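Residue numbers (this note's numbering): 2 to 252. Idealized CB from N, CA, C, for every residue including glycine. Computed from a prediction, not measured in an experiment: that's the story for all the values here.
Rendered as structure tokens:
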């Protein structure tokens, strides 16, 4: 799916009629990329358009060395990839859409100096959806999927799990298998998680017995393997600072 989505988006950028569309929500640059058929193929998040970066399209430019939720500006895109890799290495129980690093250029992206150049960022396969978790009752969510999402959030110390970044796939009314997105604030340099950072903390599914497949997955987790992912991805200046990987091992 990831390879096909990348190809569709690439063709759409070159000859498609639908230009990259900036998402209405969020504080950084997130662009929906469509294929030749006009259907969204994926989402691209340029690193230089993240909050406090120079090309932020919402005028949230500022101190590029500042920490926001333990993440430095311009490094959130790599965490999107890392969250997907952690989930994929454990059977994709949480259902994070396929994500990779990618480069792209287009005049519709934000360029403070108006020079159109290639940007590096994260590319994630687009998931058609009817809404987000905050639009539905928690009792309608699939227990196994929600527990797996919660486990992933704890595993990668996600400090931004709100109900708006849990998608409800199209045509689902009950036993909804939520799709988690927006993992730019996981694997932080400093450990600072509040109870309100995890929207699922008081949902019924988290009071139910832990599902057996998730139990087995948790039993097989290896902190050293997770730490290797944190080191391999450019989470903290290409691994030069090392705080992210140390936090993974410590918690």
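With distances taken Cα to Cα, identify the nearest neighbour of residue i among the options.
i: residue 3; options: 25, 86 and 50; result: 86
i: residue 181; options: 175, 140 and 130; result: 130
i: residue 28; options: 202, 49 and 205; result: 49
i: residue 210; options: 75, 145 and 113; result: 145
i: residue 103; options: 221, 159, 43 and 135; result: 43
i: residue 5; options: 127, 194 and 55; result: 127
i: residue 161; options: 224, 218 and 193; result: 193
i: residue 207; options: 167, 41, 224 and 147; result: 147
i: residue 200; options: 165, 171, 218 and 173; result: 165
i: residue 114; options: 57, 179 and 190; result: 57
i: residue 59; options: 40, 189 and 24; result: 24
i: residue 156; options: 171, 167, 135 and 189; result: 189
i: residue 221; options: 9, 17, 76 and 92; result: 92
i: residue 111; options: 31, 213 and 9; result: 31
i: residue 40; options: 26, 10 and 16; result: 10
Can you list, in chain order, the residues of its chain with a C-beta nearer than 7 Å to that of residue i? Leave out the 5 residues immediately preceding and following it.
i: residue 149; result: 94, 95 and 215
i: residue 12; result: 36 and 37
i: residue 140; result: 205
i: residue 230; result: 83, 86 and 87
i: residue 241; result: Reliability fails at residue 241, whose pLDDT of 41 lies under 50, so the model's placement of it is uncertain and the value that follows must be treated cautiously. If we look at residue 241 and ignore the five residues flanking it on each side, it has no Cβ neighbours.
i: residue 52; result: 28, 29, 61, 69 and 74
i: residue 81; result: 46, 100, 123, 125, 184 and 185
i: residue 109; result: 20 and 21
i: residue 219; result: 152
How is residue i classed by DSSP in three states: helix, strand or coil?
i: residue 118; result: coil
i: residue 49; result: helix
i: residue 126; result: strand
i: residue 241; result: Reliability of the predicted coordinates at residue 241 is poor, the pLDDT of 41 falling under 50, and no value is obtained from them.
i: residue 87; result: helix
i: residue 37; result: coil
i: residue 55; result: coil
i: residue 2; result: coil
i: residue 94; result: coil
i: residue 17; result: coil
Excluding the 5 residues preceding and the 5 following residue i in the sequence, name in chain order all residues of the same chain whose CB lies nearer than 6 Å to its CB.
i: residue 176; result: 143
i: residue 132; result: 169
i: residue 122; result: 45, 46, 47, 48 and 78
i: residue 119; result: 104 and 106
i: residue 99; result: 2, 3 and 126
From the DSSP output, which residues share a beta bridge with residue i?
i: residue 133; result: 168
i: residue 142; result: 177
i: residue 105; result: 120
i: residue 7; result: According to DSSP, which records beta bridges pairwise, residue 7 is partnered with nothing at all.
i: residue 222; result: Beta-bridge pairing links residue 222 to no other residue.
i: residue 100; result: 125
i: residue 112; result: Looking at the DSSP assignment, residue 112 forms no beta bridge with any residue, so it has no partner.
i: residue 22; result: 33
i: residue 62; result: 53
i: residue 43; result: 34 and 126
Starting from the C-beta of residue i, find all residues in its chain whose C-beta is less than 8 Å away, skip the five residues before and the five after it, and write them out in chain order.
i: residue 14; result: 21, 34, 105 and 107
i: residue 196; result: 202
i: residue 171; result: 129, 130 and 131
i: residue 55; result: 49, 62, 65 and 113
**Runs of beta strand (DSSP E) lying entirely within the stretch 144-214, each at least 3 residues, in chain order** = 167-170
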